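K.L.:
Just so you know, the numbering used here puts the end of the sequence shown at 299, numbered straight through with nothing missing. Yeah, the Cβ is synthetic: ideal placement off N, Cα and C, and Gly gets one too. Owing to the predicted nature of the structure, the values given are computational and were not obtained by experimental measurement.
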Amino acid sequence: MGKVIAIANQKGGVGKTTTSINLSACIAEMGKKVLIIDLDPQGNCTSGYGVDKKEVENTVYELLLDEITIKESMMKIPGQENLTLIPSRAWYLPCMMREQIFHQMLCKMLKKILRLRFTARSFPETSNWQKHLRMVNL
Numbered sequence: 162m163g164k165v166i167a168i169a170n171q172k173g174g175v176g177k178t179t180t181s182i183n184l185s186a187c188i189a190e191m192g193k194k195v196l197i198i199d200l201d202p203q204g205n206c207t208s209g210y211g212v213d214k215k216e217v218e219n220t221v222y223e224l225l226l227d228e229i230t231i232k233e234s235m236m237k238i239p240g241q242e243n244l245t246l247i248p249s250r251a252w253y254l255p256c257m258m259r260e261q262i263f264h265q266m267l268c269k270m271l272k273k274i275l276r277l278r279f280t281a282r283s284f285p286e287t288s289n290w291q292k293h294l295r296m297v298n299l
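#1: Whose CA, out of Y210, D201, G163, K272, lies closest to the CA of Y222?
#2: Buried or exposed for V217, please, with buried defined as at least 16 other CB atoms from any protein chain shown within 10 angstroms of its CB.
#3: Any heavy atom of the ligand ADP within a distance shorter than 7 Å of the CB on C187?
#4: In chain order, which continuous runs of the alpha helix (DSSP H) of length 4 or greater are located wholly inside the region 181 to 250?
#5: Shortest alpha-carbon distance to T230 belongs to which of A186, M270, G174?
#6: Checking 8 Å against the spacing of the C-beta atoms, do D199 and L246 come in under that value?
#7: Please check the pair T178 and G209, which I expect to be a contact at CB under 8 Å, by giving their CB distance rounded to whole angstroms.
#8: If you draw a straight line from the C-alpha of K237 to the C-alpha of S185, how long is it?
#9: Can you give me the Cβ contacts of G192 inside the same chain, cut-off strictly under 8 Å, excluding the 5 residues immediately before and after it?
#10: How close, in whole Å, do the beta carbons of I182 and C206 come, if the pair is a contact with beta carbons under 8 Å?
#11: Rounded to a whole number of angstroms, what is the C-alpha to C-alpha distance between A167 and T180?
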């Protein structure tokens, strides 16, 4: 089973993108398969891998809106056999609207993940995870 490494910090300029690019490249060089998901609305990790974000059509934004599949959003990084990227590009939305849409997209993803991981037979009708889903308006 694979591992998930998330690099996150609310503060800007602390090296999240640089760390992501270098860590993923090193892990890929060790022969491990790596999937980078660029969730930065500015797409700096995407351009850090040499991808022209203006030319990219299928991005994490379309993926989160369910307009494309995960497979359609993935792209191989030239010269990096084990590295795959789900790119990003600038999301031209007002800040508050972007935060609201991003929250809705994350809730949708959480619901999908929970549906995949838990079956109706695994839990009774009033299980804790169903209560949690109701709390976040899913």
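P.N.:
In brief:
#1: D201
#2: buried
#3: This structure does not include the ligand ADP; it has no bound ligands of any sort.
#4: Entirely contained in the region 181 to 250, the alpha helix (DSSP H) runs reaching 4 residues are, in chain order, 205 to 209, 221 to 225, 231 to 234.
#5: M270
#6: It is a contact, given that the beta carbons lie within the stated cut-off.
#7: 6 Å between Cβ atoms; contact.
#8: 13 Å
#9: N243.
#10: Right, the Cβ-Cβ distance comes to about 6 Å (below 8 Å), so this counts as a contact.
#11: In this model, A167 and T180 are separated by some 11 Å (Cα to Cα).
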